[in-house]
Structure formats: structure tokens, C-alpha cells
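Counting along the sequence shown from 1, when you hit position 221 you're at 280 in the working numbering, and nothing is skipped either side.
Idealized CB from N, CA, C, for every residue including glycine.
Some notes on the structure that comes next.
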Amino acid sequence: MNTIQVDRHNGVVEVTLDRPAKKNAMNGEMIDELRVAFAEIAESTPDDRVVVITGSGGAFCSGADLTGRTPGVPPLVGMRNVGQACLALRSLPQPTIAKVVGPALGAGLNLALACDFVVASDTARLCEIFVKRGLTVDFGGSWLLPRLVGERKAKELVFFGESVDAAAAVEMGLINRALPVEEIDAFVATWASQSASGPSLALAACKRLLDQSYAVSLAEAVEAEARSQVASFGSADAVEALAAFMEKRPPVFRGL
């Protein structure tokens, strides 16, 4: 990997965007490496139990590197690769957390929003900057934004391309938490540790049920819940949770 770093520790996979001289702007190579990394994480279950995405050098991601197109790759193919990176991230069974420090612009912001949780520092600058570059929204933003903040607010964010700080982003439901920059590492580490020690099969099933909720009827949702719950009852983690409850001790989940 030339543009990202992938580190593993105690079930936590940290994916760091690593082009600090470009404020971690995404070029074609980074998009390809993200797709490969997400595919590897998806296949490594249950060893990888939670994913944290962040950036190096005091920035999350300044968006697309408009000078970094891969030679010989047709523009539509390149943009479809961007979409595939978004889909690969969204389809991960593990909980995903974006840790945002500094700018998260355009595709960089939508990369963060594609995660299950977004925690941003008070130094974060969040912006759907596309129209200010004469461009249209990508990396799943047209799908993600209305679901997070509603259609009218999504249009405001996209049409005007104005920056918002972390506190305002929390208030509108765009992100989960806004923290002082000196506190964000410890907070995300705590959430990641809690997720990594949780019942990974149940968490993956809950994630799947919630993610598909907009595409199904209530009747279909409760049927999916029933099938998922029956599978959960038969898991080793559910047996362990009941035993731990009876024995008055914390459960030790193994993702089985």
C-alpha cells in the first residue's frame, strides 16, 4: 500500500489515509487501495472486529485529487471505481468508525459519512464542496445525505457547499460526536474497544437489518428480524451471554 496504512491490534483495524502533503486527497491509487483493504477486511471475519478510518498529518481527507487521475483509465471507469469503494465500505459486516480531524471535504466527507459512526474534533471542517469546483456529488453522498439529515438539509449542504463545524454537524444529525481534538483519540479507542469485544455476529446482523430498513416494508423487516433472531439464539455468543448473566460476570464473546 502506497497511499494508506492498515494496522491491526486486538480486533481493531485502523485504516489511515496517508498522503499528508495533499491533505490525504484521494487519487486513483488510493481508491484502488481502499477497495482492496475493505475486501480483505470483509474476508477476515472474525479476526477483524471493528474498523476505524482516519487520516494522517492533521487532516482527514481534502476530497478528490483532481490532478491524480490514473493515466489510461476512462473517466467513467474511474468514477465507477469511486462508487465501488463506497459500496465496499458500506457492505462491511463490522462496525465502522470515522475519526475526523481537520478537513473532510467532498468525497472525503462522504467517505466518513459512509461509516456507521462519525466522531469529529473541534478542528474538523466538513463540506460538500463539489459545486464550488463545478462538480457533482459522489462517493455515495446523494444517497447518504438525505438519510442522515433529510432532503431539504441535504440540498442546502450540496447546493451551497458551505463548511460546517463539528458542533453544527452533530446538531443536524450529520455526525455522532464533536470533541476537543485532544480527546478524540481516547474516545474513538473506547468505542472501538467496546465494539471489538462485543458479539460480532449479532452486531453484523443488527447492522444489516438497519441498513436494509429503507428498502423493505415493515412486514419484511419483522420477518427478517425473526429469522435473524432465531439464528442468534443458536450462536455460541448468545449461550455465553446467558451463562455470564447467570454467573454475574462480563461475557466473553468470540464471534461464534
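- Name the two residues that bound the continuous alpha helix (DSSP H) containing residue 304. 295–305
- Message: Just to confirm my understanding: we take residue 203, look at its own chain, exclude 5 residues before and 5 after, and list those with CB closer than 7 Å. What are they?
- Response: 169, 172 and 173
- Simplified DSSP state of residue 84, which is helix, strand or coil: coil
- Is it buried or exposed for residue 108, if we count other Cβ within 10 angstroms and need 16 for buried? buried
- Query: Taking residue 153 as the reference, which of 196, 284, 257 and 310 has the closest Cα?
  - Reply: When each option's Cα is compared against that of residue 153, the closest is 257.
- How would you label residue 162, buried or exposed, when you count the other beta carbons within 10 angstroms and need 16 or more for buried? buried
- Message: Could you pull the DSSP bridge partners for residue 73 from this structure?
- Response: 66 and 111
- Item | First through last residue of the alpha helix (DSSP H) which encompasses residue 148 | 134–149
- Task: Inspect the beta-carbon positions of residue 81 and residue 124 and report whether they are closer than 8 Å.
- Result: yes
- Message: If I measure Cβ to Cβ from residue 117 and keep anything under 7 Å in the same chain, skipping five residues before and after, which residues do I get?
- Response: 160 and 161
- When the Cα atoms are used, what is the spatial distance from residue 102 to residue 71? 15 Å
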